[in-house]
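In this note's numbering, the protein residues as written are 69 to 550.
No residue lacks a Cβ here, since even glycine has one placed at the ideal position from N, Cα and C.
Source: prediction; values computed, not measured.
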Ligand code: SF4
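This is the structure:
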């Protein structure tokens, strides 16, 4: 399924290694009306896929009425805490939220619209599995308010789907995408995995070609991660399946980028491609470090508790296990497991880590007039439409400019000279080459940021320079690929 659930997971991992201090105190939020994206987690699946390590549960029966009531109540509570005036997008992720009934989706959306402004036309995405997606329930979801679908196709080859433990066949995936495109034209995204054990370069090229014949205007492309504890990782560890080779993975990623860009897609984020402007508004909220509220078991959020008089951005995580989460929501109105005030340094580190995943990068100017870069190679240029009004760096660091942090001699300057990074009047962003090896650039940049802010804690360098020189595809591809 799609990226939303994976993002909070990645953020948690990043937050876990951040230095706690670094600055005089939280960055105060302005008095401007607050907006936020809202993520809703449906924690159930019919069957666990062999590669899945997500917060999902397979249970004999789901008490949907109880889950629905808790999702509604928690959404109302967190919207009240945050005093969010307007919800910019809603994303139902999971698990398999297409197993929920349209009535549950409608109830949550009604609660959101009752507690805050939900603009007509705001992006409302539902993740769906081909096996639980036929035209009839999809029409129900559309009537409930869903206007964008993210379908977990993962592969268009039956043998690969069996290896992944998916419930559906390639033919069912095709049927599901066709049905979705009929109901959500221009707003159907598909998820695809690459780097499967034993997958060859040619097989991947064929999958890409088949995908191009099927897809709508948005594709999320994830390198398969062999997570500890999953059945697939155990098979690879035991030698029953071959481990994918790093060079091949990098090659597959480059092939996909080149093919998709050549066919009119914009590579707007490490794992995401869109054409005709069909970018995911919701996921952009994460990458731009906007506020977001997470509702449901294990959901993550980043927002200011204005309702409690706070002006500090917090990282919030809800209780993972659904029954424990429901108990807490029923007694307290929300099932928050932890909340941590983020230091200014932590906020900037998140902004850096997330913002550089996008082709717009981290902007410091309100408006760009740069022409679009030639497709396929060369520099990634900020998009005028995306960059408009997004002075992201200044919002989080009003006193210390991007130039002051990354423009001086140091790691970032070296990365620019080596052709991985650009810092100019548009902001800080990766080049085409840099985006492919972002994970290997970030430790140097984080180190420079920490040093300038006087909170340096040197990350382990390993052989980062060698990895870059070797062109390894070291990417942050941790988006949800369920
Ligand atoms: S990969 Fe997605 S569909 Fe499969 S078990 Fe995990 S959450 Fe469910």
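Could you please give the first and the last residue of the uninterrupted beta strand (DSSP E) stretch that includes residue i?
i, result
"residue 191", "191-196"
"residue 340", "340-342"
"residue 337", "334-337"
"residue 370", "368-372"
Measuring CA to CA, which of the options is closest to residue i?
i, options, result
"residue 363", "176, 132, 373 and 169", "176"
"residue 314", "329, 267 and 339", "267"
"residue 194", "179, 308 and 210", "210"
"residue 378", "349, 148 and 110", "148"
"residue 223", "381, 241, 492 and 510", "241"
"residue 179", "369, 145 and 354", "145"
"residue 321", "188, 154 and 269", "269"
"residue 460", "483, 430, 475 and 472", "430"
"residue 294", "118, 488, 133 and 516", "118"
"residue 302", "121, 317, 428 and 104", "121"
"residue 152", "125, 259, 105 and 345", "105"
"residue 585", "496, 473 and 283", "As shown, the chain starts at 69 and ends at 550. That puts residue 585 outside it, with no answer to give."
"residue 278", "507, 250, 328 and 419", "328"
"residue 401", "308, 506, 419 and 141", "141"
"residue 413", "138, 251, 514 and 305", "514"
"residue 496", "486, 475, 505 and 512", "475"
"residue 468", "258, 132, 432 and 133", "432"
"residue 280", "326, 170, 319 and 462", "326"
"residue 465", "500, 420, 492 and 426", "420"
What does residue i pair with, by DSSP beta-bridge criteria?
i, result
"residue 272", "Paired residue(s): none; residue 272 is not in a bridge."
"residue 110", "162"
"residue 256", "217"
"residue 290", "261"
"residue 125", "112"
"residue 157", "105 and 191"
"residue 386", "404"
"residue 492", "495"
"residue 354", "Its beta-bridge partners do not exist; DSSP assigns none."
"residue 363", "108"
"residue 381", "372"
"residue 409", "382"
Measure the beta-carbon distance from residue i to residue j and round it to whole angstroms, keeping in mind my assumption that it falls under 8 Å.
i, j, result
"residue 285", "residue 342", "6 Å"
"residue 158", "residue 192", "5 Å"
"residue 214", "residue 173", "6 Å"
"residue 150", "residue 387", "With 8 Å as the limit, residue 150 and residue 387 do not qualify as a contact, their Cβ atoms being about 19 Å apart."
"residue 503", "residue 338", "6 Å"
"residue 288", "residue 236", "The pair is not a contact, with the Cβ atoms about 17 Å apart (cut-off 8 Å)."
"residue 406", "residue 372", "Between residue 372 and residue 406 the Cβ distance is about 17 Å, and since that is not below 8 Å, they are no contact."
"residue 488", "residue 509", "6 Å"
"residue 354", "residue 422", "6 Å"
List the endpoints of the continuous alpha helix (DSSP H) containing residue i.
i, result
"residue 463", "460-464"
"residue 520", "506-520"
"residue 481", "479-485"
"residue 303", "299-305"
"residue 310", "Taken as a continuous stretch (DSSP letters only), residue 310 belongs to no alpha helix (DSSP H), as it is neither H nor E."
"residue 174", "170-183"
"residue 283", "That residue, residue 283, is in no alpha helix (DSSP H); it is neither H nor E in DSSP."
"residue 199", "Element bounds for residue 199: n/a, residue is neither H nor E."
"residue 226", "226-231"
"residue 150", "132-150"
"residue 323", "314-330"
"residue 249", "238-251"
"residue 418", "412-423"
"residue 346", "That residue, residue 346, is in no alpha helix (DSSP H); it is neither H nor E in DSSP."
Cβ-heavy atom distance between residue i and the ligand ATP below 7 Å?
i, result
"residue 162", "Absence of the ligand ATP is noted for the structure shown, with the ligand SF4 being the only ligands found."
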